[in-house]
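Right, one structure below, let's go through it.
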Amino acid sequence: MRIRLRTCIKAWIWRVTTEPAGVSLALLSNVKALRNPTLWRILRAVAFCVALLPFVYLLQGAVLNTLGADPGRELALETGRWALRLLLMSLAITPLRELTGLAGLFPLRRTLGLFALFYAVLHFLIYNVFLLELRWSEIGSDILERPYITVGFVALLILVAMGVTSTRAMVRRLGRQWKRLHQLVYLASALGVLHLLWILRTDLFDAVLYGTILGLLLGYRLVTRLKRRIRLGRARAA
Amino acid sequence: MLIKSAPDILSSEITPESVYRNRRQFMGDALKLGVAAGGLAGIPAPAFGASGDALRARAPADMERSAPAGWWQEKFDSIAAAERGGDFWTDEDLTPYRDVVTYNNFYEFGTGKADPSQRSRNFNVDPWSIEISGEVDNPGSYDLEDFMKPHQLEERIYRLRCVERWSMVIPWVGFPLADLINRVQPNSKAKYVAFETLVDPDQMPAQAGRFNIIEWPYREGLRMDEAMNPLSFLAVGLYGNYMPPQNGAPIRLVIPWKYGFKSIKSIVRIHFLEAEPPTTWNMMQSSEYGFYANVNPEVHHPRWRQDMETRLPTTLFSSGRIETQMFNGYADQVAHLYQGMDLARYY
């Protein structure tokens, strides 16, 4: 039994490390219509508008006063949630592109990432302006003394650094450093999930949901990186 | 604009909730009619609180609840008003009815603030029975009608302070917990009283939820002298109207000097016992929630400070932040219960 299990695992490792990823999905890139740049420009414009919808919805709620008894808190919670959602969506772009071979997806990564930053900044400002009314000492002690706020603040700083360096000129200027800086997105998203988990009182649904999605997105990268390394090793050996 | 109500304001002078709530529409209508600033003097006369109604406030007509059964209506026909300036009264602005019934923590219906009001619409409170058990001379299962029969309903205006740092001022309707305890006659072994909420996943959807880590039923408890304190209250209504499900229908506890989670809702069991009973939040996270849970601005929750609170409702231009008072402002009535106790240890 044990020997059989071992051969099974060996066979599995062999398969996942040798077969190209997502063969069936990759066929999508052969569909001619999906390579039309105009189509992608339209899709990106649609994505832009959709990412703005929560903002419009919340703004409308704030103006019409339909956000309940504590509108500031509601705005803070919702903008925070959307920051995390968009961050995870932006992290999903690379796996999607690799699995489908659709290069048109690529610019969406930046669009969604910048929207995540947009909502994260709103979240931070709303918290400090409406909830703490800019009492600086309180803002400072919150960041230093409340661990869930500390991790959220660190995640925000990472997103800001990434946003500032997201222009083409910065990509060129920073060269190899750029990639290293932008790999901090993995840390930022993990801190984002932790920030959410830490403020919950009982219902773990959101944390489990976002945590699982993040786990899958990071797990995918881990596996593909391992594969690449193994394949490189084999190539060198051969 | 800041409107402060003077302590001696007449209830007839208070703008009715419905008019206040509809102020935008009212202003809109006024503008449509071409009535400018001068038209403000034409606010219609209050629809309630004016003609001999002694209660501080009533639910707005369009949000009024109907009686769960005929006997409820009879019971609510005579409600004694809270004595102005007394222990069970405050002149602070009431939290508007709409906010009291839409901003709730009642995890049996979900953890969102709007979940309880949205998911409890068909909650059935008739028939309802309450089991009295443990160290007591008159144990048994009581039908709610019989349970409430001997008690005169009265109005009490209490502050409610949630451990999450928000607070409200609510006009409850109910009767003193001490009156009930005297009726059921606990024996000399009864040192504590424990309460349990209904378990009914068909009616309380979150009790069937998979990601909820609460072990149902929701449980709370008091030391006997706390339970016998005149402030301790069993509420069956608010704003002169029948208790909405999201606020703990048909009957709930109100302990105004303790954090809101002590004020257990939709009670089905009252148990008298010698040892301190387990309580839900304490069972889940004892480092954050103690058995006593007295409102205390000097003892902070590990994840948030407790020296300030947000008085609801807020707007984006007023955060409603006020300082939290020791025992939620009821120190004169309850501080003696905890003399010599280290409140940082017994939080």
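Each protein sequence line maps, in turn, to chains A and B.
Going from the first sequence to the numbering used here is simple: count from 1 and add 1161.
Going from the second sequence to the numbering used here is simple: count from 1 and add 15.
Positions of the beta carbon are idealized from the N, C-alpha and C atoms, including for glycine.
Same chain, Cβ closer than 6 Å to residue i, five either side skipped, listed in chain order
i                  : result
TYR1288 of chain A : ALA1237
ARG1196 of chain A : none
TRP1243 of chain A : PRO1215, TYR1280
PHE1285 of chain A : LEU1317
ILE282 of chain B  : PHE210, ILE266
GLY149 of chain B  : HIS286, PHE287, LEU288
Buried/exposed call for residue i, threshold 16 Cβ in 10 Å
i                  : result
GLY189 of chain B  : buried
MET219 of chain B  : buried
LEU55 of chain B   : Caution is warranted here: a pLDDT of 40 is assigned to LEU55 of chain B, below 50, making its placement in the model unreliable, and no coordinate value can be reported.
PRO245 of chain B  : exposed
SER278 of chain B  : buried
PRO1198 of chain A : exposed
TRP1297 of chain A : exposed
GLU170 of chain B  : buried
ILE172 of chain B  : buried
PRO293 of chain B  : exposed
MET258 of chain B  : buried
PRO75 of chain B   : buried
THR339 of chain B  : buried
ASN139 of chain B  : exposed
ILE228 of chain B  : exposed
VAL151 of chain B  : buried
LYS1340 of chain A : exposed
LYS1193 of chain A : exposed
LYS280 of chain B  : buried
PHE124 of chain B  : buried
ALA1398 of chain A : exposed
SER1302 of chain A : exposed
ASP44 of chain B   : Caution is warranted here: a pLDDT of 47 is assigned to ASP44 of chain B, below 50, making its placement in the model unreliable, and the coordinate value is therefore given only provisionally. Exposed: under 16 other Cβ atoms inside 10 Å.
VAL349 of chain B  : buried
ASN202 of chain B  : exposed
Proximal residues to residue i (C-beta, below 7 Å), its chain only, five neighbours per side dropped
i                  : result
ILE1304 of chain A : ILE1310, THR1311, PHE1314
LEU1375 of chain A : LEU1249, SER1350, ALA1351, VAL1354
LEU1247 of chain A : ALA1212, LEU1273, PHE1276, ALA1277, TYR1280
TRP104 of chain B  : ALA97, GLU98, ILE172
TRP143 of chain B  : LEU159, PRO265
LEU1295 of chain A : ASN1289
Bounding residues of the alpha helix (DSSP H) (the contiguous stretch that carries residue i)
i                  : result
TYR1381 of chain A : 1366-1398
ILE196 of chain B  : 192-199
GLY1229 of chain A : Looking at the DSSP string, GLY1229 of chain A is not in any alpha helix (DSSP H), and its letter there is neither H nor E.
ALA1351 of chain A : 1346-1360
ALA1281 of chain A : 1267-1287
ILE145 of chain B  : Premise fails: ILE145 of chain B lies in the beta strand (DSSP E), 144-149, not in any alpha helix (DSSP H).
ARG134 of chain B  : 130-134
ILE1304 of chain A : 1297-1306
LEU109 of chain B  : Per DSSP, LEU109 of chain B belongs to no alpha helix (DSSP H) and is neither H nor E.
LEU1342 of chain A : 1337-1343
GLN273 of chain B  : The amino acid occupying residue 273 of chain B in the given sequence is Lys; Gln does not appear at that position. Per DSSP, LYS273 of chain B belongs to no alpha helix (DSSP H) and is neither H nor E.
Terminal residues of the beta strand (DSSP E) in which residue i lies
i                 : result
VAL251 of chain B : 248-253
ASP155 of chain B : The sequence shown places Gly at residue 155 of chain B, rather than the Asp named in the question. That run of the beta strand (DSSP E) goes 155-158.
MET323 of chain B : 323-326
PHE287 of chain B : 282-288
GLU235 of chain B : 234-238
ALA209 of chain B : 207-212
ARG171 of chain B : 168-176
VAL269 of chain B : 267-269
GLU338 of chain B : 336-338
Own chain, CB closer than 8 Å to residue i, minus 5 neighbours either side, in chain order
i                  : result
ASN153 of chain B  : ILE147, ARG198, VAL199, GLN200
LEU1361 of chain A : ASP1367, ALA1368
ASP114 of chain B  : MET183, LEU327, PRO328
LEU1335 of chain A : THR1326, LEU1342
TRP187 of chain B  : GLU170, ARG171, ILE172, TYR173, PHE248, ALA250, GLY252, LEU253, VAL269
LEU1239 of chain A : A small fix is needed here, since residue 1239 of chain A is Glu in this sequence, not Leu. Here the set comprises PRO1215, LEU1219.
SER334 of chain B  : THR325
PHE306 of chain B  : GLY236, GLU291, THR294, ASN297, TYR361
Residue i Cβ short of 7 Å to the ligand MN heavy atom set
i                : result
ASP68 of chain B : This structure lacks the ligand MN, and indeed carries no ligand of any kind.
(Q) Between the region 1377-1390 of chain A and the region 1270-1282 of chain A, can you find at least three pairs of beta-carbon atoms closer than 8 Å? (A) no
Q.
Quick test of the definition: if touching needs 3 or more C-beta pairs under 8 Å, does the region 265-279 of chain B touch the region 337-357 of chain B?
A. yes
Q) What residues from the region 1272-1301 of chain A come within 7 Å of chain B, judged by C-beta to C-beta, listed N to C? A) PHE1291, LEU1292, GLU1294
Q: Select from the region 298-330 of chain B all residues with a C-beta closer than 8 Å to any C-beta belonging to chain A, and list them in chain order.
A: MET299, ARG318, TRP319, THR325, LEU327, PRO328, THR329, THR330
Q) Is the region 200-213 of chain B touching the region 284-292 of chain B in the sense that three or more CB pairs, one from each, lie closer than 8 Å? A) yes
Q: Below 9 Å between beta carbons is the criterion; list the residues of the region 223-250 of chain B that meet it against any residue of chain A, in chain order.
A: GLY224, ARG225, PHE226, ASN227, ILE228, ILE229
Q) Got a sec: which bits of the region 125-146 of chain B sit with their beta carbon under 7 Å from any beta carbon on chain A, in order along the chain? A) THR126, LYS128, ALA129
Q.
Any C-beta of chain B within less than 7 Å: which residues of the region 1305-1329 of chain A qualify?
A. ARG1307, TYR1309
Q | Cβ-based contacts, 8 Å cut-off: residues of the region 192-210 of chain B near chain A | A | none
Q) Along the region 1372-1398 of chain A, what residues have a CB closer than 8 Å to any CB found in chain B? A) none
Q | Positions along the region 1204-1232 of chain A whose CB lies within less than 8 Å of some CB in chain B | A | ALA1223, ASN1226, GLY1229, ALA1230, ASP1231, PRO1232
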